[in-house]
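Residue numbers (our numbering), protein chains in the order written: chain P, 51 to 187; chain S, 51 to 187; chain L, 51 to 187. We put the beta carbon where it would ideally sit given N, CA and C, even for glycine. Values in this document were obtained by computation on a predicted structure and should not be read as measured data.
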């Protein structure tokens, strides 16, 4: 069994961004030199997530608008009594989920025809990390 | 360490279906001949998911109705400007999440008393796949 | 490759509770004596989940209130025709997701600065279990 661990670092210009990381993950799998296994991709900050879906601008717009509807930014969250203003980002991360496990088959990410992996930032403009751990043989 | 990979293929008759795949997964674990490990089950198409919950008709009805409330089918999604009409299916998949990891203990799926695994199709009537990858020893 | 499996048992006093289990998971990882690998934490009962977020009372209050808004307790769920009264708990578990995979690096849980792991009980006051399976080397 082999393991290989890398960390991706993000410092987005916008408060909210969707960043397609599929190619970067494929490179990590190449460096790991694993033929069969699994690749964990997990946002280490609690206002960001990982989303697997379509690379299509309209859908990405719909997705962010929909998250704003289900978990709106509002001043009156209890969390804001601590001085924070990002409670909605914590809730959005929960809806999206913060991690994914990608199968590795024959040395490649074993994804469906439209599956793309996105880092979803909901409270950016500061340094954040994602852990990528590959395990297999 | 051993790995074993299979693909399940679905071509549902309805646009939306919940299909209990627990018995099929148990058979794959038997074929994998792994005593201790993990079994990744991941929908490879971005309008389908994997749900672990109760095999009870009323609850399955509530679940689909509730998803329609939180992520309604509507004509005015931006994604539909591409000619697609299934933006709600992408959002429903996000709520349900598209994958699950099942523990394998003593050669069996290590599930709770009511845990059943469902393939959740939100835009069916065409061929779709689920990857099942077992890893362990 | 080594695996190590333990079960956490909960019997909450309240119907809904958030229980921080990060320290207990760290102890399991110590007992597993694994340097590099993954730790699956999965609620075995279908009205409970696992949530990774901030240990902050205001946010936990916001989180439960928000789940009640998105998946309200109501008498008229179809599931309740079976005699049950907890359909909302099944739906809340779905939103939160019922499992997480924690990376293990250099013998420790490899978590971000604010990541804490919670058992989220939505229909408590009875015995329930969480499976924790560590896999690595």
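- Taking 9 Å as the cut-off, the Cβ atoms of residue 51 of chain L and residue 88 of chain S do not count as close.
- The beta-carbon of residue 138 of chain L is placed no less than 9 Å from the nearest beta-carbon of chain P.
- Per DSSP, residue 101 of chain S is one residue of the beta strand (DSSP E) stretching across 98-103.
- Counting the other Cβ atoms within 10 Å of the Cβ of residue 103 of chain S gives 16 or more, which makes it buried.
- The closest CA to that of residue 95 of chain S, considering only S:73, S:59, S:184 and S:123, is found on S:59.
- Those residues of the segment 94-109 of chain S placed with their C-beta closer than 9 Å to a C-beta in chain L are 101, 102, 103, 104, 106, 107, 108 and 109, ordered along the chain.
- Exclusion of the five residues before and after residue 163 of chain L leaves no residue of its chain whose Cβ lies closer than 7 Å to its Cβ.
- When P:91, P:141, P:80 and P:82 are compared, the shortest CA-CA separation from residue 169 of chain P is found for P:91.
- Judged by their CB atoms, residue 128 of chain L and residue 107 of chain S are nearer to each other than the 9 Å cut-off.
- For residue 131 of chain L, no pairing in a beta bridge is given by DSSP.
- As computed with DSSP, residue 56 of chain S is found in a beta bridge with S:182.
- Residue 179 of chain S has its alpha-carbon roughly 10 Å from the corresponding atom of residue 161 of chain P.
- Taking a cut-off of 8 Å on C-beta distances, the segment 124-142 of chain P does not touch the segment 134-141 of chain S, as fewer than three cross pairs fall below it.
- Residue 166 of chain L sits in a strand when the DSSP states are folded into three classes.
- Taking every protein chain shown into account, the CB of residue 112 of chain S has 16 or more other CB atoms within 10 angstroms, so this residue is buried.
- With a 10 Å radius around the Cβ and a threshold of 16 neighbouring Cβ atoms, residue 81 of chain P comes out exposed.
- Only exposed fits residue 126 of chain S, as fewer than 16 other CB atoms lie within 10 angstroms of its CB.
- Boundaries of the alpha helix (DSSP H) harbouring residue 80 of chain P: 72-82, taken from the DSSP string.
- If the five residues before and after residue 110 of chain L are omitted, its C-beta is found closer than 7 Å to the C-beta atoms of 68, all from its own chain and listed in chain order.
- Taking a beta-carbon distance threshold of 9 Å, residue 177 of chain L does not count as an interface residue toward chain S.
- DSSP, reduced to helix, strand and coil, places residue 156 of chain S outside both helices and strands of the structure shown, so it counts as coil.
- Sixteen is the threshold: when 16 or more other Cβ atoms of the shown chains lie within 10 Å of the Cβ of residue 153 of chain S, as they do, the residue is buried.
- Within the same chain, and ignoring the five residues on either side of residue 141 of chain L in sequence, the residues whose Cβ sits closer than 6 Å to its Cβ are 121.
- Of the candidates L:177, L:185, L:65 and L:76, L:76 places its Cα closest to the Cα of residue 165 of chain L.
- Listed by position along chain S, the residues whose Cβ is nearer than 8 Å to that of residue 151 of chain L are 151.
- Distance check between residue 71 of chain S and each of S:64, S:63, S:99 and S:132 places S:99 closest, using alpha-carbon atoms only.
- With a cutoff of 9 Å on beta-carbon distance, residue 143 of chain S and residue 97 of chain S are scored as near each other.
- When rounded, the separation of the alpha-carbon atoms in residue 78 of chain S and residue 56 of chain S is 8 Å.
- In terms of Cβ geometry, residue 93 of chain P and residue 149 of chain P form a close pair [threshold 9 Å].
- Its Cα nearest to that of residue 116 of chain P, the residue P:145 stands out among P:61, P:145, P:167 and P:171.
- Distance from residue 157 of chain L to residue 85 of chain L at the Cβ level is roughly 5 Å; contact confirmed, criterion being Cβ atoms closer than 8 Å.
- With a 10 Å radius around the Cβ and a threshold of 16 neighbouring Cβ atoms, residue 183 of chain P comes out buried.
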